[in-house]
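In terms of mature numbering (1 follows the signal peptide of the UniProt record, and there is no 0), the sequence shown is residues -24 to -1, 1 to 463. Glycine is no exception: its CB is placed at the ideal position from the N, C-alpha and C atoms.
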Amino acid sequence: MSPWAKCFALCAAFLAGCATAASAAPVTIERIVAKVDQEIITLSELQDLVKEEVSNLARVYKGEEFERRRREMELRGLDALVENKLILRRAKSMGVTVGESELEQAVSSVTDRNRLTTQDFRKYLASQGMTLETYREKVRERLLVRKVESLDVALRVTVSDDEIAAYYKANPDLYREGEERRVQQIFFPTKEGMPEPEVEAQRQKAAAAHKEVGGGADFGETAKKVSQDPAAAQGGNLGFIKKGEVFPEFEAIIFSLKEGEVSQPMKTRAGFHIVKLLEIKRGKAISLESVSSKIRDQLAEEKRAKRRREWISELKRASFLEVHFDPQVQAVSAGATVDPLFRDVREQVTFKLVGVRLARSNEMVGKDRLFWAYGANQKDPRWKSEKVKTDDKLFVGTDEIGVLEKSQREFVNPDPSASLFFFEHNYLLPNAYLGRVHFADVIKEFSLKPNVKKLSLETDSKRVRLEFEVKVEKTRSIVADPREIGQ
């Protein structure tokens, strides 16, 4: 990699979350997309922040899928810009500063590692549409953000020895060395996009094989005869399997069985499986002393993430936030005028989740419980709710939802970049994804019907319908107690 390429990578990483100017950016009809108290965020700031990621998306996706992903990227970018403004305001109120020597050291570390002169570095920055002075200010901001996060978040998190011991005791299976399970399977594959009649044919073959085994036929001989698995010739024998060696759905089947037990035909992403557990080799328990440091780090990271969510929510609710940005409208016209989603900066809008209805449950394993996650990314949410049971009509009402933490059921002026991701939980497929609802869509629906007391929306998959109660208050709320945080 050339020095300039290395420099680019370092600069890009260091400036993550900060908007930069670009000389080659398309002409934009400038407007305000958000306000944080009296400070503004402009459309050009947002576009500059996400332009590279949007360009990458355009090379991979087209049409509606590109627009959906672009929209998510822009909303996440807007959320990052809002957070950055809030944290910098917090730094000012705390009197936190970055000294010139500290700033110079941070900038010099980039040039020194890449053996660049100041003149070469200026040329590189110019190629990115930035001056050295602008770059220094961006670095100063990032250092301020890190300092404030350390003071308000990291230094307030501790993990006690009792907490470590309690976690170790509550999760014994996590701290065993190599429990192994020897299994056989009879397998009928399916693939994405397979016509439904072909899928149904495989389902029927699996049902017939299961009936044959249940009637007394030898499992291995039946596997040799009908299984469509490479191990069929060996009677479907897959040998010993440890956790983490196979994909999660298949692992869940294997580790749910008792020794000698044969599963029902189970559907996974790969196809239909009938599994027989032949033998279990118990793993050896790992001592608490050996893993205490790892557990401490894990619990500390979880606490820091939780504390940061609470902290950002405190900062947001102690400020006047006004969002004027809707990426769907923006895609139609660069100069479109969009009414604020929250029309009054003193308007506190609470969306209270009062009902969740599941369209249908998993036919193979049956319904059990639901839970949801909040954030911009399904794989890395800000938090996950506790699990709640559905009734016989696959509905979760106020009694069940009401036992959850307030932050898991009430959303005050929610981030438009965030979503609720819904999952079905059962003993074989503990995280069956059901779809998502964008808070941008919730806010947009409210902006179109500002006087409604209830909103009803479906997930993108049409598998879950949500019911919200809407409450509007003309207040400014300054939050000091994290237990009061509503988002």
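Output the boundary residues of the alpha helix (DSSP H) element that contains residue i.
i	result
Asn32	Leu19 to Val36
Lys282	Leu264 to Arg293
Asn60	Gly39 to Met70
Tyr100	Thr94 to Ser103
Asp417	Phe415 to Leu424
Going by C-alpha to C-alpha distance, which of the options sits closest to residue i?
i	options	result
Glu235	Ala141, Leu51 and Arg157	Arg157
Gly378	Pro392, Lys363 and Glu237	Lys363
Glu400	Ala394, Ser393, Tyr409 and Pro392	Tyr409
Gly71	Val124, Lys99, Gln384 and Glu298	Val124
Val129	Glu298, Phe387, Ala246 and Leu291	Leu291
Leu297	Met106, Val325, Lys279 and Gln210	Val325
Arg345	Ala352, Val115 and Phe371	Phe371
Asp55	Ser126, Asn389 and Lys252	Asn389
Arg272	Leu22, Val428 and Asp138	Asp138
Lys167	Ile140, Thr244 and Ala141	Thr244
Ala294	Arg7, Ile8, Met49 and Asp13	Asp13
Glu434	Lys425, Val446, Asn427 and Glu421	Glu421
Ala141	Ser423, Ser31 and Ile262	Ile262
Look up residue i in the DSSP assignment and say whether it is helix, strand or coil.
i	result
Glu156	strand
Gln326	Sequence inspection shows Thr at residue 326; the Gln mentioned does not correspond to that position. Of the three classes helix, strand and coil, the one that applies to Thr326 here is strand, per DSSP.
His186	helix
Phe216	strand
Ala408	strand
Lys429	coil
Leu442	strand
Lys447	strand
Glu460	Its pLDDT being 31, under 50, Glu460 is placed unreliably by the model, and nothing is read from it.
Glu222	Per the sequence presented here, residue 222 reads as Val, with Glu not at that position. In this structure, Val222 counts as coil in the three-state DSSP scheme.
Glu168	coil
Gln81	helix
Leu297	strand
Val379	coil
Phe387	strand
Gly331	strand
Asp91	Going by the sequence as given, residue 91 is Arg instead of Asp. Coil, per DSSP.
Lys145	helix
Glu237	coil
Leu317	The predicted model places Leu317 with a pLDDT of 40, which falls under 50 and marks its position as unreliable, so this point remains unresolved.
Phe195	helix
Val135	coil
Ala74	The sequence shown places Val at residue 74, rather than the Ala named in the question. Coil, per DSSP.
Gln210	helix
Ala(-12)	With a pLDDT of 48 at Ala(-12), under the threshold of 50, the modelled position of this residue cannot be trusted, and the question is left open.
Gln178	helix
Thr107	coil
Met340	For Met340, the predicted model reports a pLDDT of 39, less than 50, meaning its position is unreliable; a value from the coordinates is still stated below. Looking at Met340 - three-state DSSP - the assignment turns out to be coil, as it is neither helix nor strand.
Gly311	Per-residue confidence for Gly311 stands at a pLDDT of 40, beneath the threshold of 50, marking its modelled position as unreliable; the derived number appears in the next sentence. Coil.
Ala(-3)	Residue placement at Ala(-3) cannot be trusted, given a pLDDT of 42 that sits under 50; the coordinates are not used to answer.
Checking the sheet assignment: what are the DSSP bridge partners for residue i?
i	result
Tyr350	Trp359 and Leu396
Ala261	Arg152
Arg7	BP columns for Arg7 are empty, so no partner.
Met242	His249
Phe371	Arg333
Glu125	According to DSSP, Glu125 bridges with nothing at all.
Arg345	Lys365 and His401
Gln161	Val251
Ile16	Lys11
Ile256	Arg157
Glu434	Arg441
Any heavy atom of the ligand SAM closer than 6 angstroms to the CB of residue i?
i	result
Val189	The ligand SAM is not part of the structure shown, which contains no ligands of any sort.
Is any beta-carbon of chain C found at less than 7 angstroms from that of residue i?
i	result
Glu400	The chain inventory of the structure shown lacks chain C, comprising one protein chain alone.
Cβ pair count under 8 angstroms reaching 3, the region 207 to 219 against the region 173 to 182: With a cut-off of 8 angstroms, the region 173 to 182 and the region 207 to 219 do not count as touching, because too few Cβ pairs lie within range.
The region 116 to 133 touching the region 78 to 85, judged by at least three CB pairs closer than 8 angstroms: Using a Cβ-Cβ distance cut-off of 8 angstroms, the region 116 to 133 and the region 78 to 85 are in contact, since at least three pairs of beta carbons, one from each stretch, lie closer than that value.
Contact between the region 279 to 299 and the region 182 to 190 (3+ Cβ pairs under 8 angstroms): No, the region 279 to 299 is not in contact with the region 182 to 190.
Three-pair Cβ contact test at 8 angstroms for the region 159 to 168 versus the region 192 to 199: Yes, the region 159 to 168 is in contact with the region 192 to 199.
Cβ contact (3+ pairs, closer than 8 angstroms) linking the region 145 to 154 and the region 88 to 95: Touching, no.
The region 29 to 45 in contact with the region 97 to 105 per 3-pair CB rule at 8 angstroms: The answer is no - the region 97 to 105 does not touch the region 29 to 45, with fewer than three Cβ pairs under 8 angstroms.
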